[in-house]
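First residue of the first sequence? That's 11 in the numbering used here, and the numbers climb one at a time after it. Using N, Cα and C, we set each Cβ at its ideal position, and we do this for glycine too. Everything on this sheet refers to the single structure shown next.
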Amino acid sequence: MAEYNHKEIEQKWQHYWAENKIFKAEVNPEKPKFYVLDMFPYPSGAGLHVGHPLGYIGSDIVSRFKRNKGFNVLHPMGFDAFGLPAEQYAIQTGQHPAITTEQNIKRYKDQLKGIGLSYDWDKEVQTCDPKYYKWTQWIFSQLYNSFYNNVSNKAEPIENLMAVFEKEGNKNVKAICDEDTSIFDAIQWNGLTEEKKALVLLKYRLTYPADALVNWCPELGTVLANDEVKDGFSERGGYPVERKKMRQWMMRITAYADRLAGNLEKLNWSESMKDMQTNWIGKSYGCELDFKVADKNITLTCFTTRPDTIFGVTYMVLAPEHELIDELTTSTHKEEVDAYVQKAINRSERERMSEVKTVSGVFTGSYVINPFTKEKVQLWVADYVLAGYGTGVVMAVPSSDDRDFRFATYYGLPVKKVIGGTEDLEDPTEIKYGKMINSGFITGMESKDAVLATIEHAEKEGFGKAKINYRIRDAVFSRQRYWGEPVPVYFTEDGVPHLIPEDELPLELPPVDEYLPTESGEPPLGRAKDWVYKGKYNYELTTMPGWAGSSWYFLRYMDATNEKAFVGSEVVKYWNSVDLYIGGTEHATGHLLYSRFWNMFLFDRGFIFHEEPFQKLVNQGMIQGRSNTVYKLKTENTFVSLGLKDQYDTIELYADVNMVYNDKLDIDAFKNWRAEYAEAKFILEDGDFKCGFVVEKMSKSKYNTVTPDAMIEKYGADCLRMYEMFLGPIELSKPWNTHGIDGVAKFLRKLWGLFFDYEGNFLVKDEKPRAEEYKALHKTIQKVEQDIESLSFNTSVSEFMICVNALNQLKCHKKSILENLLVVLSPFAPHISEELWQSLGHEQSIINAPYPVFNAAFIQEDEYEYPIMINGKLRTKIMFSLDKQPKEIELETLKNETVLKWLEGKQPKKVIVVPKKIVNLVV
RNA sequence: GCCGAAGUGGCGGAAUUGGUAGACGCGCACGACUCAAAAUCGUGUUCUUUCGGGAGUGUGGGUUCGAUUCCCACCUUCGGUACCA
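Printed below as a string of structure tokens:
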């Protein structure tokens with residue numbers, strides 16, 4: 011072969027890999043395993059752009075590297091195939107979402123294969139495949155059949171709980187359950203009807219139906235999880251979201267809040283990612299305190315993290331949604347309170363958010379009694395108190411809480427200062443901690459000690475207890491949509507839910523005539539004809555959310571075709587948890603929390619053997635678009651180059667980045683782009699038409715999308731892979747700019763040139779390398795190996811360039827050098843490496859070639875050129891033998907001509923000689 | 001507001017535990033080859049300069065013989081989160 015022909019080579023090797031199942035991963039206890047995982051994509055209609063594969067290329071390099079290093083590597087890919095876009099498209103066109111999804115998946119797979127990624131496609135999973143979602147439904151069933159035991163601190167079968175109920179009721183049970191669960195004994199339990207028993211058990215199950223205040227998105231016709239809502243709008247589509255009470259399946263993730271937060275410490279994740287999860291879980295230590303309502307037989311419990319400020323409580327506040335509001339409102343205030351509550355509840359999330367700094371509230375007419383001081387304070391309703399957090403009741407301490415202070419100031423409520431140092435302050439909330447003042451028995455204590463003292467006192471007196479509170483809420487699991495996993499549940503006439511038995515799974519998605527809600531407002535599944543269980547029981551009509559299928563796919567990959575279990579236990583024992591997981595930050599509080607939850611649950615129940623699914627997590631940065639702009643005169647069909655545009659009255663328009671090179675417009679291509687530009691005139695500068703640029707999101711409407719296909723067509727997959735890595739550290743976001751890719755293309759041609767000359771003559775000879783050649787090679791082996799371990803792929807690419815430049819300079823065509831270099835390069839540029847590897851006479855794929863062993867002897871230097879600095883400024887350099895003693899170096903330096911000139915006859919005060927680093931003279 | 005990450009040439013970026021700032025590449029300039037162009041190769045390329053130097057890693061200070069690196073304060077950008085009691 012005369013010239014480097016990427017197209018031919020890449021197709022050849024991609025076929026070879028696929029036909030010979032080179033990347034097939036099978037359990038092999040003889041070999042150490044390594045599991046490299048990419049976050050699996052939702053196959054959108056637009057296909058991949060060059061930003062998507064960034065992480066895939068990085069993980070592919072690690073996978074291939076580990077293979078060369080002797081590991082048994084599991085590196086799978088699949089598709090998160092249920093989802094809104096396909097369904098929205100189905101609503102518009104009537105086409106079944108499965109068809110669109112299949113087409114999109116095919117396109118994605120073609121694109122991924124074109125990049126030469128080393129996936130074991132036999133392990134592919136698609137969440138919308140009934141063979142897959144059978145097991146998603148099975149896991150749902152396991153959750154349904156489990157409760158969380160606070161004593162063993164893990165999930166257990168619900169039968170364990172039932173056995174205890176039969177023996178002694180629930181009075182000694184320490185388990186996670188609904189707040190409103192009442193206490194009963196064995197006699198009461200055993201006396202309950204089956205229906206009643208079932209309803210009680212729902213309060214304990216890890217998945218359960220409940221009336222919950224949810225994020226309802228009318229535009230999408232479904233509820234959304236908290237992490238799917240951003241600033242009051244749906245994350246997908248950007249439609250407004252409102253609060254609504256609906257009956258929903260919920261997941262009791264709160265049972266795992268503590269372990270999810272605590273385990274983070276053990277994980278090799280970025281600090282920012284751990285922080286995001288920690289904040290989302292929002293664990294806070296404090297206590298619950300009971301306030302009796304004056305003249306009423308009601309006790310309100312509030313949660314506070316600052317019980318030390320109890321003597322500063324000057325009023326109390328309820329959330330507008332609080333269920334006792336009617337009872338707590340006196341007749342004289344009824345009208346006002348009702349009006350306020352109505353307004354507050356109807357206010358959309360969005361409005362509430364935009365008015366964060368304004369305060370509003372009304373007095374209920376009732377008073378509560380501070381259990382510590384016996385003081386009567388006013389009870390208010392205000393929407394700054396959230397129903398969903400704590401108990402929906404807040405003790406207000408305006409002297410140490412900003413919001414309380416703002417509220418009290420606005421409504422003229424008293425402020426009582428309880429922390430030392432705040433006595434004379436205008437705004438006492440500036441100081442949050444100190445010595446307590448005006449605080450009864452805790453006066454004089456430090457706030458920290460006072461917290462403990464007050465809790466102790468409250469517990470002794472029986473009106474409070476220490477409590478850990480979490481911000482995280484149970485996750486809404488129902489979606490009022492069609493394109494998702496059916497929930498494997500039917501309802502008997504009494505409304506009690508029952509699981510579809512395991513051997514009848516999967517419960518397949520039935521056909522419907524339209525992908526819209528029914529007339530009566532039921533989800534689309536309500537349209538399915540004759541879709542009833544055993545001919546008489548109604549099925550659950552909501553489907554599972556997107557995160558259901560993605561919460562366990564990493565387990566299914568291990569054993570993708572197992573029909574007896576979601577994953578075989580020997581298999582999961584071997585592959586265990588993911589060693590390296592690469593994906594975007596956007597999944598920090600959704601997918602990464604839910605999958606940890608499900609994994610932990612499956613671990614508790616003994617189905618798998620690792621508590622945490624992802625040991626090391628790396629977030630790849632986003633590749634932003636880099637749009638090009640051109641400037642058209644407002645009144646004429648004439649465009650003006652960037653540098654001259656200020657002399658004219660222009661409007662800015664996009665030019666497709668694919669017809670701009672180094673910000674210079676290809677005018678002919680531009681004229682052909684659109685009919686209205688065919689006759690356009692151009693005002694050039696220095697003979698070129700220069701475009702402006704803007705960095706923004708990559709999208710079709712901005713004409714700044716670049717597809718991997720286009721890059722591969724022109725430069726080849728190896729070039730694209732290396733260039734993407736060369737752009738910078740994998741975790742950094744950066745704009746895509748095709749300009750630099752030529753550098754990598756040149757590198758590949760130079761590499762090729764070490765093997766073949768222009769006529770296609772094979773140049774490689776089996777000769778003994780010289781010291782410089784060994785040095786160039788081993789420097790590269792060392793650097794690249796370190797870089798891959800730390801995922802610094804960008805510097806590896808530089809190193810390869812340096813090495814090939816050096817070998818070119820040395821005119822090195824020696825087999826033993828080039829052979830090793832190819833193995834080191836192969837994870838980055840696998841196709842060209844395979845081809846050249848074969849040209850050296852190898853019959854086996856380079857994928858299994860052993861990684862060269864770095865030998866420090868080859869890069870050993872015996873001399874070093876010391877930079878000589880005088881007062882920290884570099885003045886000259888002197889070569890010294892590395893075994894020369896510092897004292898000798900000092901003496902010789904002081905004799906050096908340049909040094910003497912700079913010393914101007916003065917004697918240096920101090921001479922610092924750092925071996926193999928530097929010499930610094932202080933004058 | 002709070003939490004986190006990041007600020008280095010015209011551009012992407014490099015610099016191991018504090019030790020020659022700007023590796024590697026793009027772009028640009030000049031040169032070679034060519035009738036010419038492309039490709040390729042070579043040289044130069046932080047700024048400034050009176051060609052001795054001087055300044056320089058967001059800003060201001062500090063520690064040090066020596067700071068892109070460590071400490072303090074601040075500014076900017078990006079990501080997350082937000083009446084969370």
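Presumed contact (8 Å Cβ cut-off) between residue i and residue j, rounded CB distance
i: I465; j: P317; result: 6 Å
i: T324; j: P381; result: The pair is not a contact, with the Cβ atoms about 15 Å apart (cut-off 8 Å).
i: R491; j: T553; result: 6 Å
i: A859; j: G124; result: With 8 Å as the limit, A859 and G124 do not qualify as a contact, their Cβ atoms being about 24 Å apart.
i: L535; j: I101; result: Not quite, the Cβ-Cβ distance comes to about 14 Å (not below 8 Å), so this is no contact.
i: I482; j: W608; result: About 15 Å separates the two Cβ atoms, so there is no contact after all.
DSSP bridge partner residues for residue i (one or two, in chain order)
i: R636; result: V705
i: M405; result: M326
i: S849; result: S849 is not bridged to any residue.
i: D300; result: T311
i: I661; result: K642
i: G474; result: L299
i: S9; result: Any property of residue 9 remains undetermined from this structure, which presents the chain solely from 11 to 933.
i: N159; result: K164 and A185
i: W541; result: DSSP lists no partner for W541.
Unbroken beta strand (DSSP E) run spanning residue i, endpoints
i: K470; result: Not the beta strand (DSSP E): K470 falls in the alpha helix (DSSP H), residues S457 to E471.
i: I888; result: K883 to S891
i: D221; result: T217 to C227
i: I693; result: K691 to I693
i: A392; result: K386 to A392
i: H508; result: P507 to L509
i: R257; result: E252 to M261
i: E875; result: E873 to I880
N- and C-terminal bounds of the alpha helix (DSSP H) containing residue i
i: N289; result: E281 to I291
i: S605; result: H601 to D614
i: Y325; result: That residue, Y325, is in no alpha helix (DSSP H); its beta strand (DSSP E) goes Y325 to L328.
i: P896; result: P896 to K905
i: R566; result: Y563 to R566
i: R416; result: D412 to Y421
i: S579; result: S579 to W585
i: Q198; result: A196 to G201
i: R759; result: I751 to G763
i: Q796; result: A781 to E799
i: T111; result: P107 to G124
Contact test: residue i Cβ vs the ligand MN heavy atom, cutoff 6 Å
i: A406; result: Judged by which ligands are present, the structure shown has none, so any question about the ligand MN falls away.
Reference residue i, options the options, closest by Cα
i: I791; options: V834, M455, L817 and V670; result: V834
i: C312; options: N289, K254 and V404; result: V404
i: G292; options: L270, I661 and L277; result: L270
i: K8; options: Y671, P862 and E914; result: Past the boundaries of the shown model lies residue 8; the chain is included only from 11 to 933, so the question cannot be answered.
i: F576; options: G556, D130 and Q147; result: Q147
i: N180; options: W746, K546, L211 and L153; result: L211
i: T319; options: M256, S244, T342 and I447; result: I447
i: K344; options: K353, M326, E333 and F373; result: F373
i: I856; options: K916, D872, E176 and L832; result: L832
i: P507; options: Y549, T805 and S743; result: Y549
i: V924; options: F890, K905, L565 and V522; result: F890
i: Q352; options: F75, A329 and S341; result: A329
i: R416; options: I429, G398 and D437; result: D437
i: R615; options: N159, P42 and D393; result: N159
Could you tell me whether the region 516-524 touches the region 137-148, where touching means 3 or more Cβ pairs closer than 8 Å? yes
Pair every Cβ in the region 222-231 with every Cβ in the region 157-174, then say whether three or more of these pairs are closer than 8 Å. no
Meets three-Cβ-pair contact criterion under 8 Å: the region 201-209 and the region 181-191: no
Below 8 Å, how does it come out for the region 415-432 and the region 331-351: are there three or more Cβ pairs, yes or no? They do not touch, by the three-pair rule.
Are at least three pairs of beta-carbons, each pair with one atom in the region 37-52 and one in the region 581-588, less than 8 Å apart? By the C-beta criterion, the region 37-52 is judged to be in contact with the region 581-588, since at least 3 inter-stretch pairs fall below 8 Å.
Stretch-stretch touch, CB-based, cutoff 8 Å, three pairs: the region 735-751 with the region 804-812: Put simply, the region 735-751 touches the region 804-812. At least three CB pairs are less than 8 Å apart.
Three Cβ pairs or more, each shorter than 8 Å: is that satisfied between the region 619-627 and the region 270-286? yes
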